[in-house]
Structures are given as C-alpha cells and as structure tokens.
Amino acid sequence: MARRLDYSARYPLRTTQEVYAAMMNREHWDARIAELRKHSPNDIVSLESDDRGITVELRHVLPRDTLPDMAQMVVHKDMVITRRETYGPFGPEVTGEYTAEIPSAPGTLGGTMRLFPTETGCTLRTSSHAQVNMPFFGRRLEQLMLVNLVDLFRAEAEVTKNWLDQQHPVG
Numbered sequence: 001m002a003r004r005l006d007y008s009a010r011y012p013l014r015t016t017q018e019v020y021a022a023m024m025n026r027e028h029w030d031a032r033i034a035e036l037r038k039h040s041p042n043d044i045v046s047l048e049s050d051d052r053g054i055t056v057e058l059r060h061v062l063p064r065d066t067l068p069d070m071a072q073m074v075v076h077k078d079m080v081i082t083r084r085e086t087y088g089p090f091g092p093e094v095t096g097e098y099t100a101e102i103p104s105a106p107g108t109l110g111g112t113m114r115l116f117p118t119e120t121g122c123t124l125r126t127s128s129h130a131q132v133n134m135p136f137f138g139r140r141l142e143q144l145m146l147v148n149l150v151d152l153f154r155a156e157a158e159v160t161k162n163w164l165d166q167q168h169p170v171g
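Numbered by the UniProt record's numbering, the letters in the sequence shown go through residues 1 to 171 in order.
What follows is the structure, encoded as structure tokens:
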C-alpha cells in the first residue's frame, strides 16, 4: 500500500494570480534550479505555459554517495529523477499533478497540487504518494522518499517567496 503525505506552501500577502504567474515564468524556474544546483545537478528540460495551463519537466540527479545507506543498498548508480508538473488554466483555484520517474525503480512517486486563496494570501498544497514494491525495505524507502520530498518542496517554496519579493515587493 502506498504512503501519503501532504505539504502546504503558504504565501502570505500573495494572491493565487501572483503565484501562478511566477510558475508561468522561466526566470522563476531558473531561480529554483539555481538553488537546487547547490546540492546536486538539476536542469529544466522544458517549460510550456499559456492560457491552457503550465507544464514543466525537471531533471534531478542525486549522486549515489549522497543517498542514505538504506537507499544505496538498492540503488547502484546515481539516481536520475524526471519530474513533470502540470497545472490547469488559471482560475479561483488551480489544480495540477506531478509524477516523478526513476528508471528501473521498483515503485511509483507522484501526487496532486492545489493552489487556492486563503484569508491571508494563498496556499499551494501538494499531496504526494510513494509506493516501493520491495519486501523488507519498501515501507521505509517510501517514508524516506516522502520526507525528502517535503524538504525539496520547502526549499522550492522559499525560492518562490524570495523571487516574488524581488519581483513584486509587498508593502
């Protein structure tokens, strides 16, 4: 059975329109990737945005020697992850989904996103699920993947907040 975990990135004093516009902007994604490159190789494979929505594909490389010991027992080379995010057209609420593909991985990773207004700004809630089909290690690897995803989402949200503050100062 898959494990699930939710993460909410809160953007106080920001509208859904501002956050959505940032996600449509290549410079915003470049800023995210620049931050992630401090830790490992990362690239933007593609970004498409128009009135119909947003589709972005990212490539993350996690060097094998930086993986936790448990993961190194089953991963014998650098882990290359292709993450695809899609968001629907802008509206009062925006929904989307993501997938993360890891070649030869014995499982799945993905989830949904929902950008919605709040009383103090807006929130991007990501609901993730991970399933690893391996006896003995599966449940622990699922939990490890989800915890690391929260760290990734937290770092990306911080970059988005900073980018918005630079582009559109509040106050």
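A virtual CB, placed ideally from N, CA and C, is assigned to each residue, including glycine. Small disclaimer: the values here were computed from a predicted structure and weren't measured.
C-beta atoms of residue 187 and residue 144 nearer than 8 Å: Because the chain here runs from 1 to 171, residue 187 falls outside it and cannot be looked at.
Of the residues 39, 49 and 86, the one placed nearest residue 66, counting alpha carbons only: Looking up residue 66 in the sequence shown gives position 66. Out of 39, 49 and 86, 39 has the C-alpha closest to the C-alpha of residue 66.
Sheet register partners of residue 170 (DSSP bridge): The residue given as residue 170 occupies position 170 in the sequence shown. Per DSSP, none; premise fails for residue 170.
Start and end residues, alpha helix (DSSP H) containing residue 26: What you label residue 26 is simply residue 26 of the sequence shown in a count that begins at 1. Residue 26 -> alpha helix (DSSP H) spans 26–36.
Residue 132 in three-state terms, based on DSSP: Residue mapping note: residue 132 aligns to position 132 of the sequence shown, counting from 1. Under the three-state reduction of DSSP output, residue 132 falls in the strand class.
Nearest-angstrom beta carbon gap, residue 160 and residue 22 [assumed within contact, 8 Å]: On the sequence shown, position 22 is the one that residue 22 refers to. On the sequence shown, position 160 is the one that residue 160 refers to. The pair is a contact, with the Cβ atoms about 6 Å apart (cut-off 8 Å).
For residue 141 and residue 102, the rounded distance between their alpha carbons: The residue given as residue 102 occupies position 102 in the sequence shown. The residue given as residue 141 occupies position 141 in the sequence shown. Answer to the nearest angstrom: the Cα atoms are 14 Å apart.
Integer Cβ distance of residue 79 from residue 49, believed to fall under 8 Å: As a working note, residue 79 is residue 79 in the sequence shown. As a working note, residue 49 is residue 49 in the sequence shown. At roughly 28 Å, the Cβ-Cβ gap does not stay under 8 Å, so residue 79 and residue 49 are not in contact.
For residue 172, the three-state DSSP class (helix, strand or coil): This structure does not reach residue 172, given that the chain is present from 1 up to 171, and the question cannot be answered.
Nearest neighbour of residue 20, chosen from 94, 61, 118 and 42 [CA to CA]: One-based indexing of the sequence shown puts residue 20 at position 20. Closest option to residue 20, Cα to Cα, is 94.
Supposed close pair residue 36, residue 45 - CB separation, criterion 8 Å: Along the sequence shown, read from residue 1 onward, the residue named residue 36 stands at position 36. Along the sequence shown, read from residue 1 onward, the residue named residue 45 stands at position 45. Not a contact, Cβ separation roughly 14 Å.
Boundaries (first-last residue) of the beta strand (DSSP E) holding residue 84: By 1-based counting over the sequence shown, the position of residue 84 is 84. Counting along the chain, the beta strand (DSSP E) containing residue 84 begins and ends at 79–87.
As assigned by DSSP and simplified to three states, the class of residue 108: Numbered from 1 along the sequence shown, position 108 holds the residue referred to as residue 108. Residue state for residue 108 is assigned as strand, using DSSP reduced to three classes.
Same chain only: Cβ atoms within 7 Å of residue 170, ignoring 5 sequence neighbours per side: Position 170 of the sequence shown, counting from 1, holds the residue named residue 170. Setting aside the 5 residues that flank it on each side, residue 170 is surrounded in the same chain by 13, each with a C-beta closer than 7 Å to its C-beta; the list follows chain order.
Member of 168, 166, 167 and 155 whose CA lies at the smallest distance from the CA of residue 34: For the purposes of this step, residue 34 is taken as residue 34 along the sequence shown, with counting starting at 1. Ranked by Cα distance from residue 34, the first of 168, 166, 167 and 155 is 155.
Same chain, Cβ closer than 6 Å to residue 60, neighbours up to 5 away in sequence not counted: Working through the sequence shown from its first residue, we reach residue 60 at position 60. Answer for residue 60: 42 and 81, listed in chain order.
Residue 56 - DSSP class collapsed to helix/strand/coil: Counting from one through the sequence shown, the residue named residue 56 turns up at place 56. It is a strand residue.
Residues bridged to residue 94 [DSSP beta-bridge criterion]: Against the sequence shown, residue 94 aligns to sequence position 94. 115.
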